[in-house]
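Working notes, beginning with the structure itself.
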């Protein structure tokens, strides 16, 4: 028995940075986690969906009713003038002090909250059952709420989608969320609606599934080539690396500091075979085309394409003009002034 418990404990090793158990170690098993029934674990994650079920009150237990009141007490409570008159005429008779209210306070019915939580380690989610006596349903039910719960893994009372569930005994932490600002919801959302919230995309089932498929395919491809003694080479290795994204290169060479043959520096006016004068002429021609399309008003798609092309040409011309102002008459890169034909690494511009 002790050896069996040790084997089960080894299968659900806590996360190395905390005592939390990663959901993949529970839900990713071949039996869906059935081999871990009765085990006490600490799990954490964010709430994907929640449902609250009210408990029906027991038939045998009824709220305690107040004792029967006499007519004198009712008159004393409802009519203050008669109260003082009865006190005078009553003489030595004493009555209990009148009560202000006789309303019955009905306690709130307890409820059970069913949460679907995920920690990102797998696509599947774990069902967590939380009683309202442990945590307030209003705090843990909003989608996106982060919780850390401790409980026992049990079989669900009704066979359904989940093979196992966690009966929470303690809620160790609750990270609340603002419902107004949280972009995800229980309903299915189109992917383009999360374009401004890219960090939340992996929380959706679609993106999480596609991401894991690509990871598995990439891993299998690399393993295949590695097992067949191939090398993965990302070129260029050390010869030329685009450092800043626009004609600024990091180059390893043996010619710097030596008397190398110089070549004619390239003007800033010409980048990749495009001159500033040619761009200005193209801008004028494309502007005339846009004006003609606006007058005809026949092909809106062609007008949109022409406007986009004109805007890109203007942006490129502005870049060339700004570089000319910063470095008038100079070359784009010091490395462009060197003849690399005699270099040891035979570096080539890409």
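Residue numbers (full-length UniProt numbering): 1 to 350.
Backbone N, C-alpha and C fix where the C-beta goes; we use that ideal spot for every residue, glycine too.
The model shown is predicted, which means the values in this text are computed figures rather than measured ones.
For the alpha helix (DSSP H) that residue i lies in, which residues bound it at each end?
i, result
"residue 224", "205 to 227"
"residue 287", "276 to 296"
"residue 24", "24 to 27"
Using a Cβ-Cβ cutoff of less than 6 angstroms, which residues in the same chain neighbour residue i once the five nearest sequence positions on both sides are dropped?
i, result
"residue 45", "117, 118 and 119"
"residue 28", "122"
"residue 130", "113 and 168"
"residue 264", "Confidence at residue 264 is low in this model, with a pLDDT of 49, below 50, so the placement of that residue should be treated as unreliable; the coordinate-derived value is given next. Excluding sequence neighbours, residue 264 sits near nothing in its chain."
"residue 170", "150"
Quick check on residue i: buried or exposed, where buried means 16 or more other Cβ atoms within 10 Å of its Cβ?
i, result
"residue 19", "exposed"
"residue 128", "buried"
"residue 233", "exposed"
"residue 213", "exposed"
"residue 172", "exposed"
"residue 125", "buried"
"residue 151", "buried"
"residue 211", "exposed"
"residue 22", "buried"
"residue 165", "buried"
"residue 149", "buried"
"residue 34", "exposed"
"residue 144", "buried"
"residue 115", "buried"
Relative to the ligand GDP, is the shortest distance from any of its heavy atoms to the C-beta of residue i smaller than 7 angstroms?
i, result
"residue 49", "The model depicted lacks the ligand GDP and carries no ligand whatsoever."
Between which two residues does the beta strand (DSSP E) harbouring residue i extend?
i, result
"residue 138", "That residue, residue 138, is in no beta strand (DSSP E); its alpha helix (DSSP H) goes 137 to 140."
"residue 172", "165 to 175"
"residue 52", "40 to 54"
"residue 131", "126 to 131"
"residue 147", "146 to 154"
"residue 112", "111 to 118"
Counting only the same chain and skipping the five closest in sequence on each side, list residues whose C-beta sits under 8 angstroms from that of residue i.
i, result
"residue 204", "184, 189, 191 and 194"
"residue 282", "313"
"residue 55", "109, 110, 111 and 112"
"residue 92", "In this prediction, residue 92 scores a pLDDT of 45, lower than 50, which makes its location untrustworthy; no coordinate-derived value is stated."
"residue 154", "37, 38, 164, 165, 166 and 167"
"residue 139", "145, 174 and 176"
"residue 309", "286"
"residue 201", "191, 194 and 207"
Could you tell me the distance, in whole angstroms, from the CA atom of residue i to the CA atom of residue j?
i, j, result
"residue 17", "residue 320", "52 angstroms"
"residue 42", "residue 167", "11 angstroms"
"residue 156", "residue 50", "16 angstroms"
"residue 208", "residue 47", "16 angstroms"
"residue 284", "residue 325", "22 angstroms"
"residue 197", "residue 57", "44 angstroms"
"residue 15", "residue 307", "55 angstroms"
"residue 266", "residue 178", "Its pLDDT being 49, under 50, residue 266 is placed unreliably by the model, and the measurement read from it follows with that caveat. Roughly 57 angstroms between the two C-alpha positions."
"residue 25", "residue 304", "53 angstroms"
"residue 142", "residue 187", "13 angstroms"
"residue 32", "residue 181", "35 angstroms"
"residue 147", "residue 279", "59 angstroms"
"residue 316", "residue 287", "15 angstroms"
"residue 199", "residue 289", "42 angstroms"
"residue 318", "residue 277", "12 angstroms"
Going along the chain, which residues of its own chain have a beta-carbon closer than 7 angstroms to the beta-carbon of residue i, five neighbours each way excluded?
i, result
"residue 162", "127 and 156"
"residue 298", "none"
"residue 137", "52, 111 and 113"
"residue 302", "293"
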